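First to last, the protein sequences are chains B and Y. If you're matching positions, the first sequence starts at 1 in our numbering and goes up one per residue. If you're matching positions, the second sequence starts at 1001 in our numbering and goes up one per residue. What follows is one structure encoded as structure tokens, with my remarks underneath.
Protein chains: 2
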Amino acid sequence: MEPINYSHTVLRAFVRDIFLQMGCPPADADLAADVLVSADLRGVDSHGVARLSGYVRLMDLNRLNPKPSIQVVHETPGTAVVDGDAGLGLVVAPFAMRVAIEKARQVGTGWVTIRNSNHFGIAGYHAMVALPEGMIGFAMTNAGPLVAPTFSKDKLLGTNPIAVAIPAGEEPPFVLDMATTTAAYGKLEILQRKNQPTPTGWVQDAAGRPDTDAHAVRKGGALLPLGGDREHGSHKGYGLGAWVDIFSGVLAGANYGPWVPPFATAGFMDSAQQLVGSGTGHFVGAMRVDAFRPADEFAAHMDNWIRTFRKAEPVPGQTAVLVPGDPERLLEAHRRAEGIPLLPAVADGLRQLGERFGVAWPDQS
Amino acid sequence: MEPINYSHTVLRAFVRDIFLQMGCPPADADLAADVLVSADLRGVDSHGVARLSGYVRLMDLNRLNPKPSIQVVHETPGTAVVDGDAGLGLVVAPFAMRVAIEKARQVGTGWVTIRNSNHFGIAGYHAMVALPEGMIGFAMTNAGPLVAPTFSKDKLLGTNPIAVAIPAGEEPPFVLDMATTTAAYGKLEILQRKNQPTPTGWVQDAAGRPDTDAHAVRKGGALLPLGGDREHGSHKGYGLGAWVDIFSGVLAGANYGPWVPPFATAGFMDSAQQLVGSGTGHFVGAMRVDAFRPADEFAAHMDNWIRTFRKAEPVPGQTAVLVPGDPERLLEAHRRAEGIPLLPAVADGLRQLGERFGVAWPDQS
């Protein structure tokens, strides 16, 4: 049951070929594969190639349009609304980021809401698209309801991530990419495979009581907002997840709250019957650094900020203080060189997908 | 030692008169008093009239300019940088919000960084300035270093709040206003007065070990980021606080990280000697709802969002699920009617300030 390493290049080609066979245009298949494999490279395994079957399932459910006509349906000089035409969020979000970047070039910042989309992979990928432009990037998305607000038995929010990517000078960029829950659903799946309980503050049971069962969500329970309980600030995690939901859903004309179509759990949760908007929603943005401060000044102070935090004295038992984005970047360098570890069950699932679509699964490479 | 209630009108007039005596122009004194008393009305007592002495101390330390020339020093169609000229943040932030709102009117959204400012009171007040304009409002600020990043023994961040105010239709607005720590410093002060320990995950001691001493910060310890420890997601709270610090400090040309001048704790912590920017920094913004979606559609769906969350089934032992902003709004209605409770020690401090400035402290009213 030990994982086996696969080269990111080989995985990307495999995923691209599956998307091609699903009917995606070549450029879209390339991009979607890059977003998925980027998640594996950065260590967000729950949003990587292991989720490829989820996109296939969306297609089987007639919820995915492989050849979408993605369009700007409303705009001002600094804002836009994009309709994803039920396309892959993996492709729709980068389109919206390009619109945001162009707006930022014109008026300083650009902000785009997206409706009628699907799961967009890792938020961090989309935020980071702004970095080579010398801009700060943002990305948020809502997601199917797995999370109970503070004091709620009902699940009304997704894990609703926030990503902020900020360029530096000589130092690598600051990249915050966080679910607004104590733990992302993928962390639960790891514990499920190991038959281990969760720490406190991660989940509640079907009756709304604190729980430590890694299977709690499947049993009618819920993930908890960052903070875990009221005494530890869960109303803040709930507030952040709610903010993401309102920007991604209500402001975009997409579904929100309990109406957001499920993705990761589509197998055991039904999509809400009466919808309040179109598909899943996202919110992305770009800000020109020099709309606020000369770029070289900003870069020098960002370097100073990053170095100051890295050289802080660690607490007993720890060796270093990290800057947001450090762990993912270090892992990416490692996995680019050594390969991406996939559990045999994940590799088998991909092999079966390959058989269905006539795409050969690579041997260990 | 029971608190005594004072009318918000009487308190506002007293605070205004003190600011006038400090040399503030009448309009600034009015506004600053309104921001401070708003904190008391909304239950953020640690940012209300109890902090008036803090602003006087800033003046005594020559860090406060009562008659600032607040100016836009850089701008694009959608962004601006404001120099607060060492004025009260209570006055500088509303100036910047007006600039942001005007930008949003022109190009959809407006974003303003502020440097050379001081403590601005509650972030929520400034974000809510956008609501009567039919806009979404944002406010963030950095603050003196009381918070240790995940794995850090050193204090490098303030409690760095994020506020987001979103208008609805018939329902009252959504108002998120949160420190990015598990608990704000004011919560510690309440426990200090009661001689009670903190819950886990709020503070660490001077050696960087988990602690529950409400006096930990005064003893060289630190507040902890939302999440409390790594297992419960403190790297997310740290990431949020860092984001606020970079936007408020680095992007604005203000101080950041350990260089942000202290306010609440100015009595026992020295300001860092070599500064990296001008004063304290803020970041505010405004977004026109109809830059994304027709305002009436948005309002109707916000009402639906709010009602959906309010009617969620509560967990055992709780009576209702709240929407961000509900507790503060309910408390404000109560305190407007019944008065603002001040501890005798707080009232005595204000009476002494009044004596210094020749302003009569109101009898119980």
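In this text, a Cβ means the ideal position worked out from N, Cα and C, and glycines have one as well. In this text, all values refer to a predicted model and were calculated from it rather than measured experimentally.
Mind checking who M1097 of chain Y pairs with in its DSSP beta bridge? Looking at the DSSP assignment, M1097 of chain Y forms no beta bridge with any residue, so it has no partner.
Compute the distance between the beta-carbons of I162 of chain B and F174 of chain B, then report whether it is under 8 Å. no
Using 8 Å as the Cβ pair cut-off and three pairs as the minimum, do the stretch 1233-1249 of chain Y and the stretch 1035-1047 of chain Y touch? no
Helix, strand or coil at D1083 of chain Y [DSSP, three-state]: strand
Report the three-state DSSP secondary structure of Y6 of chain B (helix, strand or coil). strand
Taking P262 of chain B as the reference, give the member of B:R57, B:P145, B:F151 with the closest Cα. B:P145
Rounded to the nearest angstrom, what separates P3 of chain B and L90 of chain B at their Cα positions? 26 Å
Between the stretch 107-127 of chain B and the stretch 272-287 of chain B, are three or more C-beta pairs nearer than 8 Å? yes
Determine the direct distance from the alpha carbon of L191 of chain B to that of T198 of chain B, and round the result to whole angstroms. 7 Å
Is there a Cβ of chain Y sitting closer than 8 Å to that of F138 of chain B, yes or no? no
Report buried or exposed for A1222 of chain Y, applying the criterion of at least 16 other Cβ atoms within 10 angstroms of its Cβ. buried
Return the CA-CA distance between L20 of chain B and R12 of chain B, expressed in angstroms with no decimal places. 12 Å
Which of the three DSSP states is assigned to G1267 of chain Y in this structure? Here G1267 of chain Y scores only 47 on pLDDT, less than 50, and its place in the model is too uncertain to base an answer on.
Among Y:K1187, Y:G1169, Y:R1293, Y:A1179, which residue has its Cα nearest to the Cα of V973 of chain Y? This structure cannot speak to residue 973 of chain Y, because chain Y is shown only from 1001 to 1365.
Rounded straight-line distance, which links the Cα of P1327 of chain Y to that of W1202 of chain Y: 22 Å
Use the C-beta contact count for H1301 of chain Y: other C-beta atoms within 10 angstroms, 16 or more gives buried, fewer gives exposed. buried
Environment of G1121 of chain Y [buried if 16+ CB atoms lie within 10 Å]: buried
Would you mind working out which of Y:K1311, Y:R1105, Y:L1343, Y:R1218 sits nearest T1079 of chain Y, comparing C-alpha positions? Y:R1105
Along chain B, in chain order, which residues have C-beta atoms closer than 9 Å to that of S1152 of chain Y? F309, A312, E313, P314, V315, Q318, V321
Is there contact between the stretch 216-235 of chain B and the stretch 1215-1229 of chain Y, where contact requires at least three CB pairs shorter than 8 Å? yes
Along chain Y, which residues have their Cβ under 8 Å away from the Cβ of I246 of chain B? I1166, F1174, M1302, W1305
Starting from H282 of chain B, follow its DSSP beta bridges and name the residues at the other end. B:I114, B:T141
In chain order, what are the residue ranges of uninterrupted beta strand (DSSP E) at least 3 long that sit wholly in the stretch 1149-1232 of chain Y? 1162-1166, 1174-1178
Check whether the stretch 1148-1158 of chain Y touches the stretch 208-215 of chain B, counting contact only when three or more Cβ pairs, one atom from each stretch, lie closer than 8 Å. no
For P261 of chain B, report the span of its beta strand (DSSP E) as first-last. Unbroken run through P261 of chain B: none, as it is neither H nor E.
Just how far apart, CA to CA, sit V346 of chain B and I1136 of chain Y? 43 Å
Can you check DSSP and say which residues form a bridge with T319 of chain B? Note: T319 of chain B sits in no beta bridge, so no partner.
Kindly indicate which three-state DSSP category V1276 of chain Y falls into: helix, strand or coil? coil
Where V1129 of chain Y sits in the DSSP three-state scheme: coil
Can you name, in chain order, every residue of its own chain whose Cβ lies under 8 Å from the Cβ of A320 of chain B, other than the five neighbours on each side? R310, P314
Taking D201 of chain B as the query, report the chain Y residues whose CB atoms sit under 7 Å from its CB, ordered along the chain. Correcting the residue type first, residue 201 of chain B is Gly in the shown sequence and not Asp. By Cβ distance, chain Y contributes H1232.
Taking the CB atoms as reference points, tell me whether L1036 of chain Y and R1051 of chain Y lie closer together than 8 Å. yes
Kindly indicate if chain Y contains any beta-carbon less than 8 Å away from that of T76 of chain B. yes
Name the two residues that bound the continuous beta strand (DSSP E) containing E1075 of chain Y. 1071-1076
Just to confirm before moving on: does the CB-CB distance between V107 of chain B and V1107 of chain Y stay below 8 Å? yes
Cβ-Cβ separation, I1306 of chain Y to E1171 of chain Y (assumed contact under 8 Å), whole Å: 4 Å
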